[in-house]
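Here the protein sequences line up with chains A and B, keeping their order.
Going by the working numbering, the first sequence opens with residue 2, and the numbers climb by one from there.
Going by the working numbering, the second sequence opens with residue 321, and the numbers climb by one from there.
Backbone N, C-alpha and C define an ideal beta-carbon position, used for all residues, glycine too.
Please read these numbers as outputs of a predicted model, since none were measured by experiment.
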Amino acid sequence: MSSYAKRLMWPVLVLVALIVINVSVTGFDFIVPHVNDGRLSGAFVNILRRSAPLLLIALGMTLVIATKGIDLSVGAVYAIGAAIACQMIIDAPDQSAAGLIFSAIALALVVTAVIGAWNGTMVAYFGIQPIVATLILMIAGRGIAQLVTGGQIPKVEDSSPFTQLGRGELFTVPLPIVIAVLMLVALALLTRRTALGMLLESVGGNPEASRLAGIRAKGITVLVYLVCGLCAGLAGLIGAANLGSADANNGGLWIELDAILAVVIGGTALLGGRFYLLGTAIGVVIIGTLEDTIINVGLSSQWQFTAKAIVVFVVALLQSPEFRGWILKPFKRRPAAPAPAKEVAAK
Amino acid sequence: MSTQTLTERPARSTLFDGVTRYIPIGATVALLLVLYLGGIASFPKFDSPQVVAKLFIDNAPLLIIAVGMTFVILSGGIDLSVGSVMAFSTMCCAWLTVDAGLSAPLVVGLVLAFGTLWGLGIGAVIHYFNVQPFIATLVGLFLFRGLTLQISDTDVSMRDIQFFHWGMEHLVEVGKIRTGGFWLPNLSFVAFAVVIVAFVVLHYTRFGRGVYAVGGSEQSALLMGLPVARTKIGVYAVSGFCAALAGVMAAMGTKSANPLANVGAELDAIAAVVIGGTLLTGGAGFVLGTVAGVMVWGLLNTLIAFQGDLSSWWARIAMGVLLLAFILLQRVLARSGEKRRT
């Protein structure tokens with residue numbers, strides 16, 4: 002089995018187990034989609050639709066983590082993207098004008114991309130730890146979003162085509178799913194069919210060695226954070242379009258933690274290096290399905306935090322070589338050799 | 321481990337020497353003075369001593385968790401769970417006394433013991449299983465928020481429990497507020513006591529020196545024969561205890577438990593620690609700097625409250641800008657330190 006398939010095996014098994022639990026409780030309606038009023042619907046399709054913003058952010062996060070970084074500001078950037086677009090639309094006299102919608106979306110994406118590039122510049126050129134550099138915007142970002150909305154929650158009219166970004170469909174498939182999958186395919190092609198993916202892994206493995214090998218490590222770092230910011234902005238647009246409003250305080254709250262969790266479930270190590278975009282996508286669906294599973298098996302929705310905590314804990318322990326060694330020790334055959342030799346044998 | 325994985329630079333850049341050590345904390349104190357004098361110049365009643373006293377009343381819980389966070393950050397780690405542990409502790413205080421009818425001092429003892437045990441446990445996971453502090457404490461962030469919500473998803477009042485009125489009793493009262501006096505309640509003095517104990521522990525005990533050594537370079541600390549395991553697990557126990565204590569103080573301050581209280585308190589604490597001049601990579605900083613960092617945060621909020629027109633989100637933006645300025649300052653100092661050495 003290739004290492005890629007091996008990495009994906011565990012997340013896929015977990016996802017299948019979750020789906021089996023749901024199907025056994027609610028029947029096959031859970032997984033089988035049906036076409037209703039010209040749009041695909043069903044419990045699982047809804048999970049995918051709701052998970053689309055998280056998938057976009059987690060994809061950006063995967064690339065950032067591949068370079069040994071982390072982006073804590075995505076939740077705040079999500080709020081900023083949503084706030085800019087909604088505020089611009091409600092300030093206009095005609096909320097349905099196509100030009101307005103496009104310029105609002107474009108402005109939100111440009112601003113969020115610039116924010117991402119700023120994070121990348123801090124990391125690459127100022128040599129600040131990623132966790133610290135992005136912490137600044139994590140703290141200040143929601144303040145900026147509130148500045149944009151003036152502390153209000155801008156509500157876009159339901160008739161505005163902007164809401165189609167979150168509620169519409171393309172060939173019966175909900176638009177958020179289409180956008181997120183397109184982003185997944187685009188990033189996968191970009192990193193796996195060109196040398197970019199290898200360069201990313203090289204920068205994550207050792208930035209200094211990559212630079213000496215002639216890779217423009219700093220430029221790549223900035224690019225990766227830019228993409229992450231852009232993804233967060235796009236996720237914010239979809240989330241805001243779905244709700245028809247932008248809540249600067251609670252929009253995308255803790256989404257950075259969910260995104261990191263999805264990346265880790267998907268098999269990408271936080272230490273940088275190898276990354277698995279498809280694994281991340283499966284991780285996102287696992288998180289989305291987990292939330293529904295909790296309600297379907299009859300637990301209150303408050304359990305989802307606890308369930309997530311358990312998932313983080315188990316995944317973190319499973320990824321730790323020390324833990325695997327400790328837990329497997331009783332099952333290993335003990336050699337008869339004296340103590341010093343035993344350690345060598347264990348390795 | 322976190323210093324190695326989160327930074328590409330070796331630990332030498334984290335060491336300031338001579339006068340350079342005091343530049344960040346000096347900048348923080350200067351900033352405090354500018355904010356305070358600016359407030360006095362702009363608003364008539366800002367020079368009342370109660371304005372300063374109120375800083376230590378409103379921010380006593382934040383000060384306590386920031387002190388715990390200082391230990392963790394000095395050792396090169398991070399603790400994201402403090403906000404949730406704090407909310408969980410407050411909720412437990414309310415739940416065990418009001419609903420379960422246990423005696424309040426017993427409950428406070430249980431809560432403090434639990435916070436410490438949680439810190440010990442997660443510290444052990446971080447050290448022995450080499451899990452990143454960021455991820456391991458993320459477990460706590462989710463877990464305790466979830467448990468808090470499961471206990472109650474609405475406010476629980478503790479007004480009827482006499483014990484929890486102790487915190488806001490005036491311990492010191494000088495004159496009347498109207499004639500330039502001030503008062504400070506018991507919980508402020510609990511926070512002061514935490515700061516003093518932390519100061520003594522960090523600067524005058526083996527454990528404290530171990531914290532700095534592990535934060536400077538875990539490898540070197542290990543080779544020097546310092547008890548790295550005990551130190552690394554110890555800092556999380558300190559932080560867990562401080563978070564639980566802050567939860568008890570918050571229970572006394574508001575006499576009610578809100579399941580969504582203190583969301584993001586860990587970020588405020590981290591920001592206060594960094595603005596107080598502690599290096600996020602560990603190994604350099606002062607707990608008294610953290611006090612200054614918390615006061616900056618409190619003064620920003622007070623200034624905005626006095627101004628009246630500005631909304632509270634300006635405090636967050638200002639905090640972000642300050643954070644940026646201080647991180648850049650630390651970077652410049654660390655770089656110039658490297659140049660001098662080579």
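**Request:** Closer than 9 Å, Cβ to Cβ, to anything on chain A: give me those residues from the region 439-467 of chain B, in chain order.
**Result:** Across the region 439-467 of chain B, CB contacts with chain A closer than 9 Å involve V445, Y448, F449, N450, V451, Q452, F454, I455, A456, L458, V459, G460, L461, F462, L463, F464, R465, G466, L467, in sequence order along the chain.
**Message:** Taking contact to mean 3 or more Cβ pairs, one atom from each stretch, closer than 8 Å, check whether the region 83-98 of chain A and the region 158-165 of chain A are in contact.
**Reply:** The region 83-98 of chain A is in contact with the region 158-165 of chain A.
**Asked** Where do the ends of the beta strand (DSSP E) carrying V33/A lie?
**Response** Within the first sequence, numbered from 1, the residue matching residue 33/A stands at position 32. Per DSSP, V33/A is not a residue of any beta strand (DSSP E), being assigned neither H nor E.
**Asked** Where does W438/B fall in DSSP's three states?
**Response** Along the second sequence, one-based indexing puts residue 438/B at 118. Helix at W438/B.
**Prompt:** Hey, does E323/A have any beta-carbon neighbour from chain B nearer than 7 Å?
**Reply:** On the first sequence, residue 323/A is found 322 positions in, with the first residue counted as 1. With respect to chain B, the C-beta atom of E323/A has a partner C-beta closer than 7 Å.
**Message:** For T307/A, would you say it is in contact with chain B, using Cβ-to-Cβ distances shorter than 7 Å as the test?
**Reply:** Position 306 of the first sequence, counted from the first residue, corresponds to residue 307/A. With 7 Å as the cut-off, T307/A counts as an interface residue toward chain B.
**Prompt:** Using DSSP with H/G/I as helix, E/B as strand and the rest coil, what is K156/A?
**Reply:** Locating residue 156/A in the first sequence gives position 155, counting from the first residue. The answer is strand: DSSP assigns K156/A an E or B state.
**Item:** For R651/B and R329/B, the rounded distance between their alpha carbons
**Value:** As a first step, residue 329/B must be located in the second sequence, where it is residue number 9. As a first step, residue 651/B must be located in the second sequence, where it is residue number 331. Summary for R329/B: the model assigns pLDDT 44, below 50, so the residue's position carries little reliability, and this model does not support an answer.
**Request:** Please go through the same chain and pick out, in chain order, the residues whose beta-carbon is closer than 6 Å to the beta-carbon of A44/A, but skip the five residues on each side of it.
**Result:** Sequence index remark: in the first sequence, residue 44/A carries index 43 (1-based). Setting aside the 5 residues that flank it on each side, A44/A is surrounded in the same chain by F31, each with a C-beta closer than 6 Å to its C-beta; the list follows chain order.
**Message:** Using 7 Å as the threshold, is the C-beta distance between P279/B and L437/B below it?
**Reply:** Residue numbering for chain B in the displayed model covers 321 to 662; residue 279/B lies beyond these limits and cannot be assessed.
**Prompt:** Is the CB-CB distance between V405/B and F464/B below 7 Å?
**Reply:** Position 85 of the second sequence, counted from the first residue, corresponds to residue 405/B. Position 144 of the second sequence, counted from the first residue, corresponds to residue 464/B. Yes; because the gap between Cβ atoms is below 7 Å, this pair is in contact.
**Nearest-angstrom Cβ-Cβ length linking I71/A and T135/A, presumed shorter than 8 Å** = Position 70 of the first sequence, counted from the start, is the residue given in the question as residue 71/A. Position 134 of the first sequence, counted from the start, is the residue given in the question as residue 135/A. Rounded, the Cβ-Cβ distance is 7 Å, consistent with contact.
**Item:** Check whether G142/A and A77/A have beta carbons under 7 Å apart
**Value:** The residue labelled residue 142/A in the question sits at position 141 within the first sequence. The residue labelled residue 77/A in the question sits at position 76 within the first sequence. Yes; because the gap between Cβ atoms is below 7 Å, this pair is in contact.
**Item:** Cα-Cα separation, L440/B to T27/A
**Value:** Working through the second sequence from its first residue, we reach residue 440/B at position 120. Working through the first sequence from its first residue, we reach residue 27/A at position 26. If I take the Cα positions, the gap works out to 42 Å.
**Asked** Closest by CA to A444/B, which one among T551/B, V514/B, Q482/B, M544/B?
**Response** Numbered from 1 along the second sequence, position 124 holds the residue referred to as residue 444/B. Ranking the options by Cα distance to A444/B, first place goes to T551/B.
**Item:** Cα-Cα separation between R332/B and L546/B, rounded to whole angstroms
**Value:** The residue you call residue 332/B lines up with position 12 of the second sequence. The residue you call residue 546/B lines up with position 226 of the second sequence. Bear in mind that a pLDDT of 44 at R332/B, under 50, signals an unreliable position, so the model cannot answer this.
**Request:** Give the single residue among T113/A, Y126/A, S25/A whose Cα lies nearest to the Cα of Y1/A.
**Result:** No answer is possible for residue 1/A: the residues shown for chain A start at 2 and end at 348.
**Message:** With three or more beta-carbon pairs closer than 8 Å as the criterion, would you say the region 225-238 of chain A touches the region 263-281 of chain A?
**Reply:** Of all C-beta pairs linking the region 225-238 of chain A to the region 263-281 of chain A, fewer than three are shorter than 8 Å, placing the two stretches out of contact.
**Request:** Would you mind giving the Cβ-Cβ distance between S559/B and M389/B, rounded to the nearest angstrom? I have them listed as a contact below 8 Å.
**Result:** Taking the second sequence and counting its residues from 1, the one referred to as residue 559/B is at position 239. Taking the second sequence and counting its residues from 1, the one referred to as residue 389/B is at position 69. Contact flag correct, Cβ pair sits at about 6 Å.
**Request:** Tell me whether L317/B sits in a helix, a strand or coil according to DSSP, three-state version.
**Result:** Because chain B in this structure spans residues 321 to 662, residue 317/B falls outside the shown range and cannot be described.
**Prompt:** When you compare only the Cα positions, how much space is there between P177/A and T150/A?
**Reply:** Mapped onto the first sequence, residue 177/A falls at position 176. Mapped onto the first sequence, residue 150/A falls at position 149. If you take the alpha carbons of P177/A and T150/A, they lie about 24 Å apart.
**Request:** Please classify S559/B: does DSSP put it in a helix, a strand, or coil?
**Result:** Here the question's residue 559/B lines up with position 239 in the second sequence. In the structure shown, S559/B falls within a helical segment according to DSSP collapsed to helix, strand and coil.
**Asked** Can you find at least 3 beta carbon pairs, one from the region 498-508 of chain B and one from the region 480-489 of chain B, that sit closer than 8 Å?
**Response** Taking 8 Å as the limit for Cβ pairs, the verdict is that the region 480-489 of chain B does touch the region 498-508 of chain B.
**Message:** Between which two residues does the alpha helix (DSSP H) holding H523/B run?
**Reply:** In the second sequence, the residue the question calls residue 523/B occupies position 203. 506-524 is the extent of the alpha helix (DSSP H) around H523/B.
**Asked** Whose C-beta lies closer than 7 Å to the C-beta of T173/A among residues of the same chain, with five residues either side of it excluded?
**Response** Along the first sequence, read from residue 1 onward, the residue named residue 173/A stands at position 172. For T173/A, same chain residues with a beta-carbon under 7 Å away, outside a window of 5 residues either side, are V36, G39, R40, L41 in chain order.
**Prompt:** Sorted by chain position, which residues of the same chain lie with C-beta nearer than 8 Å to S246/A's C-beta, five sequence neighbours on each side aside?
**Reply:** Residue 246/A sits at position 245 when you count from the first residue of the first sequence. The answer, listed in chain order, is C87, I154, P155, K156, V157.
**Asked** Using a beta-carbon distance below 7 Å, is L643/B in contact with chain A?
**Response** Counted from its first residue, the second sequence places residue 643/B at position 323. Chain A contact via Cβ: present.
**Request:** Using a Cβ cut-off of 7 Å, pull out every chain B residue sitting near F314/A, in sequence order please.
**Result:** Walking along the first sequence from the start, residue 314/A turns up at place 313. Result: V459.
**Item:** Under the three-state DSSP convention, the category N47/A falls into
**Value:** As a first step, residue 47/A must be located in the first sequence, where it is residue number 46. The three-state secondary structure of N47/A, taken from DSSP, is helix.
**N251/A classed as buried or exposed, judged by whether at least 16 other C-beta atoms fall within 10 angstroms** = Looking up residue 251/A in the first sequence gives position 250. With fewer than 16 other Cβ atoms from the protein chains shown falling within 10 Å of its own Cβ, N251/A counts as exposed.
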